[in-house]
Amino acid sequence: MSDIEKKYVECPFCGEDILSTAIKCKHCGADLSGQIVEDKIKEIADRLSKEYLSDSSAIYVSPNIPDKYIKRAREKYLTQNTKDSDIVVLGEIRALGYFVCGFVITPKQFFYYGVNDYTNFAAGARKETVPLREITSLDIKDGGAFKGYGHLILNGNTPDDSKIVPKNFDFGKKENKFLRQFFSELLPAISEYSQFDSGTSMGTSSLEKKIEDNKEKKPGCFKSGCLAIIGLVLLGLAILFIVSGL
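Quick note on our numbering: the sequence shown kicks off at 2 and runs consecutively.
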């Protein structure tokens, strides 16, 4: 790239001119990877919101996030030390006045919440705070008639796999498309700058440990009736053998 083609910006820490693609300032030595990811998150959210969220009442992108939504998120799942100015994307679904599911995306974290059963709000909910850099894949299964609840699929894990994955997580078809596309574009950028959060290598993923520690126990044969079914099959074969021998 020639000097004419190179794009320069000011370092946010020292004010000196640096390449727009710089990960570290050559003047003051500041780590700029976090700023790069933050700018990427905002750019993706702003661009995709124009495509998918023009008439949405479920997902909002900064600076157009209603204060009442942020307040409700804090009451349910958002940590109190998260600044309003850090919130890039916020989603919320309510039914019959009850909070069903929600999420907040900041430059570093993904907060989420989903009730276990929206027909029985006493059944509890699942909520978690996940570092963005530890998400390797994210998808949403659309809900609907004969499909069951729409739910999150996090790092390949469904609600049936781990207790930290919410059972109810569905914001509408366009909104779900927004989230899928958002993370499909963002995750490669985060992977490229995986050290932006702490300045250290990824190491062991705390998210993967949480998922593993909260694995749903699969019912064994005694619980699921496997042995009873096998017994009935064997009994049927025995009767058939006896009858055929008469």
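No residue lacks a Cβ here, since even glycine has one placed at the ideal position from N, Cα and C.
Own chain partners of residue i with C-beta closer than 8 angstroms, once the 5 adjacent residues on each side are dropped
{"i": "Ala96", "result": "Tyr119"}
{"i": "Gly237", "result": "none"}
{"i": "Asn121", "result": "none"}
{"i": "Ser206", "result": "Glu135"}
Selection from the options that minimises the alpha carbon distance to residue i
{"i": "Tyr108", "options": "Leu20, Arg73 and Phe183", "result": "For clarity, residue 108 is Pro in the given sequence; the question names Tyr instead. If we check each option's Cα against that of Pro108, Phe183 comes out closest."}
{"i": "Ser21", "options": "Cys29, Gly30 and Gln36", "result": "Gln36"}
{"i": "Lys175", "options": "Gly92, Asp68 and Glu17", "result": "Gly92"}
{"i": "Asp87", "options": "Phe112, Val101, Gly103 and Asn215", "result": "Phe112"}
{"i": "Thr83", "options": "Ile243, Gly145 and Thr130", "result": "Thr130"}
{"i": "Ala123", "options": "Phe100, Ile141, Tyr150 and Phe104", "result": "Phe100"}
Continuous alpha helix (DSSP H) stretch holding residue i: start and end
{"i": "Ile71", "result": "Asp68 to Lys77"}
{"i": "Ala46", "result": "Ser34 to Tyr53"}
{"i": "Glu217", "result": "It is not in any alpha helix (DSSP H) - Glu217 carries neither H nor E in the DSSP assignment."}
{"i": "Ser181", "result": "The sequence given here places Arg at residue 181; Ser does not occur at that position. Run containing Arg181: Lys174 to Glu193, per the alpha helix (DSSP H) assignment."}
N- and C-terminal bounds of the beta strand (DSSP E) containing residue i
{"i": "Leu153", "result": "His152 to Leu155"}
{"i": "Pro13", "result": "Here Pro13 belongs to no beta strand (DSSP E), and DSSP marks it neither H nor E."}
{"i": "Asp140", "result": "Leu139 to Lys142"}
{"i": "Cys102", "result": "Tyr99 to Ile106"}
{"i": "Gly92", "result": "Val90 to Ala96"}
{"i": "Thr130", "result": "Ala126 to Pro132"}
Own chain residues within Cβ distance below 7 angstroms of residue i, not counting five before or after
{"i": "Gln81", "result": "Arg75"}
{"i": "Pro13", "result": "Gln36"}
{"i": "Gly125", "result": "Asn117"}
Residue j beta carbon less than 8 angstroms from that of residue i
{"i": "Val38", "j": "Ile191", "result": "yes"}
{"i": "Phe272", "j": "Leu153", "result": "The shown model of the chain, from 2 to 247, leaves out residue 272, and the question about it has no answer."}
{"i": "Asp85", "j": "Ile106", "result": "no"}
{"i": "Ser138", "j": "Glu217", "result": "no"}
{"i": "Asp143", "j": "Asn117", "result": "no"}
{"i": "Ile24", "j": "Tyr9", "result": "no"}
Residues near residue i in its chain [Cβ-Cβ closer than 6 angstroms; skip 5 each side]
{"i": "Phe223", "result": "At Phe223, the pLDDT of 49 sits below 50, so the modelled position is not reliable; the number obtained from the coordinates is stated separately. Closer than 6 angstroms at Cβ, skipping near neighbours: no residue."}
{"i": "Val62", "result": "Ala46, Ser50 and Val90"}
{"i": "Cys15", "result": "His28 and Cys29"}
{"i": "Arg127", "result": "Gly115 and Pro167"}
{"i": "Glu11", "result": "none"}
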